[in-house]
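*Asks:*
Protein chains in written order, with my numbering: chain A, -18 to 121; chain B, 388 to 735.
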């Protein structure tokens, strides 16, 4: 199988999103892929902007350093939409992700429910492989 | 002159503290109706809770089951924008059914203008997913009901956000023409000029994305020049408006610069697409500054009813005029390419 070249991770700042970003950076480090971390800007973020396009969140830079992942292979993207739609769009041009990575639950989500589960929605509709990283993941 | 509105239902328990999509929005909408001083010309129809049969014309059954179960187990955040409470499913069914009740009354009277002041709003709700404050797609439920009666339905969506749910639901449906003016880029990230409809409904989606700062003259020109000829050719038998008022310059959720006067002009222009009186219904979508919401609803309804509107002046001079002709040409090129590709596929 051809190694992954372009891994995209959904990011909302939650614990699970950070765990997913860590997994993606470790996987990318080992297979030589680039990692694009994308934040979906919702309706309400127009009132209180959480992240901006030109500034990679410092916690992601720290995470890359902890994982020994080259910073020039790390891209930060902010896109309008709900997390599921934004991640699915990443599998199309111009991003052309060949692997999508999500945490098992986003910010404020209730456990065990299908509705509102980005990971399930993305896994159901994505045209490329999807990795759902569990909350308790630690590198082995 | 008759305005038909739905009877208010108790929406107060679909609320989360601090959320901009809140019950006070409907208070503002009802006050705007009071401001019209219609007296005997105001008709209030009983609220109607949409049935499963009416909802499955646009939403998949599994989604309705999941949404219902989610709400009745206590609700919570569905995504970063969208919430549900214990009562939200019941309230959303009333919002979705309100349009049906208003349409039925207009069909009976063959007169007047309908206004559906209901929440939660609907135009972001997809066939299988809630998003963007929306649980059920109210305008789509109404359009689908009309379609089932053999009608040709024009939906004009002037909310500042693209109505991705409505577009998706009618993407390949030739009996429904969807026209949207919206700020771009902005949530939900869809609504490009190149999105023109599916293979069986090419030309049945018209997107008019506008830059931040665009004023009413640009929006009106976009509708007239890009959508006008398509609407004329479509020849609608009903006109439904996804009437969001968050393109108003005072609204905190976006950056267009419209005034109440612009909504008055747009309402007058859109009313002209209805084939006769009693075939126009406005559905409340967004609009989060309560004062702007009240004045803009009042402006829209008064001109749709043929009253003189002498409030806030229309706006002009914002950016975007220069891109209307480019967008019109880009749209035409996209449609020609799609037709050529269809011809190639059908050639043996």
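The beta carbon of each residue, even a glycine, is placed where N, CA and C say it ideally should be.
(1) Run down chain E in chain order and give the residues with a C-beta less than 8 Å from the C-beta of residue 641/B.
(2) May I ask you to verify whether the stretch 508 to 528 of chain B touches the stretch 433 to 448 of chain B, counting CB pairs closer than 8 Å and requiring at least 3?
(3) Would you check if the distance between the CB atom of residue 719/B and the CB atom of residue 690/B is smaller than 8 Å?
(4) Run down chain B in chain order and give the residues with a C-beta less than 7 Å from the C-beta of residue 61/A.
(5) Between the beta-carbon of residue 752/B and the beta-carbon of residue 642/B, is there less than 8 Å?
(6) In chain B, which residues lie less than 9 Å from residue 64/A when you measure between Cβ atoms?
(7) Does the CB of residue 24/A have a neighbour CB from chain B at under 8 Å?
(8) Using three-state DSSP, classify residue 684/B as helix, strand or coil.
(9) Can you tell me the Cβ-Cβ gap for residue 14/A and residue -15/A, rounded? I've got them flagged as a contact below 8 Å.
(10) Any C-beta of chain B sitting closer than 8 Å to the C-beta of residue 11/A?
(11) Please list, in chain order, all residues of the same chain as residue 675/B whose beta carbon is under 8 Å from its beta carbon, the five residues on each side excluded.
(12) I'd like the list of long-range same chain contacts for residue 711/B, defined as Cβ closer than 6 Å, with 5 residues on each side in sequence excluded.
(13) When the Cα atoms are used, what is the spatial distance from residue 629/B to residue 86/A?
(14) Could you check where the beta strand (DSSP E) with residue 437/B kicks off and where it finishes?
(15) Any beta carbon from chain B within less than 8 Å of residue 67/A's own beta carbon?
(16) Reducing DSSP to helix, strand and coil, say where residue 564/B ends up.
(17) Apart from the five residues on each side of it in sequence, which residues of its chain come closer than 7 Å, Cβ to Cβ, to residue 103/A?
(18) Output yes if chain B places a C-beta closer than 8 Å to the C-beta of residue -14/A; else output no.
(19) Any C-beta of chain A within less than 8 Å: which residues of the stretch 529 to 559 of chain B qualify?
(20) Between 663/B, 684/B and 399/B, which lies nearest to residue 417/B when the distance is taken from Cα to Cα?
(21) Find the nearest neighbour of residue 558/B within the set 569/B, 529/B, 568/B and 593/B, judged by alpha-carbon distance.
(22) Return the CA-CA distance between residue 748/B and residue -12/A, expressed in angstroms with no decimal places.
(23) Just confirm the distance between the C-beta atoms of residue 437/B and residue 504/B, as a whole number of angstroms; I'd bet it's less than 8 Å.
(24) Say whether the stretch 490 to 507 of chain B touches the stretch 42 to 56 of chain A, bearing in mind that this needs 3 or more beta-carbon pairs closer than 8 Å, one atom from each stretch.
(25) To test your reading of the DSSP string, which unbroken beta strand (DSSP E) runs of 3 or more residues are found completely within the stretch 462 to 539 of chain B?
(26) For residue 26/A, verify whether its CB is less than 7 Å away from any heavy atom of the ligand GTP.
(27) Using CA atoms only, rank isn't needed, just tell me which of 56/A, 23/A, 5/A and 24/A is closest to residue 38/A.
(28) Does residue 704/B get closer than 8 Å to chain A when you measure Cβ to Cβ?
(29) Tell me whether residue 71/A sits in a helix, a strand or coil according to DSSP, three-state version.
(30) Quick test of your reading: residue 475/B and residue 423/B, contact by CB under 8 Å. State the CB separation rounded to the nearest angstrom.
(31) Taking its Cβ as the centre, do 16 or more other Cβ atoms sit within 10 Å of residue 480/B, making it buried, or is it exposed?
(32) Assuming residue 353/B contacts residue 499/B under a Cβ cut-off of 8 Å, what Cβ separation, rounded to an integer in Å, is found between them?
(33) Would residue 588/B and residue 560/B be called neighbours here (beta carbons separated by less than 8 Å)?
(34) How close, in whole Å, do the beta carbons of residue 453/B and residue 546/B come, if the pair is a contact with beta carbons under 8 Å?
(35) Between which two residues does the alpha helix (DSSP H) carrying residue 714/B extend?
(36) Given that a residue counts as buried once 16 or more other Cβ atoms are within 10 Å of its Cβ, and exposed if not, what is residue 548/B?
*Replies:* With the structure as the only source:
(1) This model lacks chain E altogether; the protein chains it does include are A and B.
(2) yes
(3) no
(4) 572, 573, 574, 575 and 576
(5) Only positions 388 to 735 of chain B appear in this structure, which leaves residue 752/B out of reach.
(6) 466 and 467
(7) yes
(8) helix
(9) 5 Å
(10) no
(11) 407, 408, 412, 633, 638, 639 and 640
(12) 608, 609 and 612
(13) 33 Å
(14) Premise fails: residue 437/B is in no beta strand (DSSP E) and is neither H nor E.
(15) yes
(16) strand
(17) 65, 68, 69, 81, 83 and 111
(18) no
(19) 548 and 551
(20) 684/B
(21) 593/B
(22) Outside the shown range of chain B (388 to 735) lies residue 748/B, about which nothing can therefore be said.
(23) Not really, about 16 Å apart at Cβ, beyond 8 Å.
(24) no
(25) 500 to 503
(26) As for the ligand GTP, it is missing from this structure, which has no ligand bound.
(27) 56/A
(28) no
(29) coil
(30) Contact flag wrong, Cβ pair sits at about 30 Å.
(31) buried
(32) Lying outside 388 to 735, the shown extent of chain B, residue 353/B is not represented and no answer is given.
(33) yes
(34) Between residue 546/B and residue 453/B the Cβ distance is about 26 Å, and since that is not below 8 Å, they are no contact.
(35) 708 to 733
(36) buried
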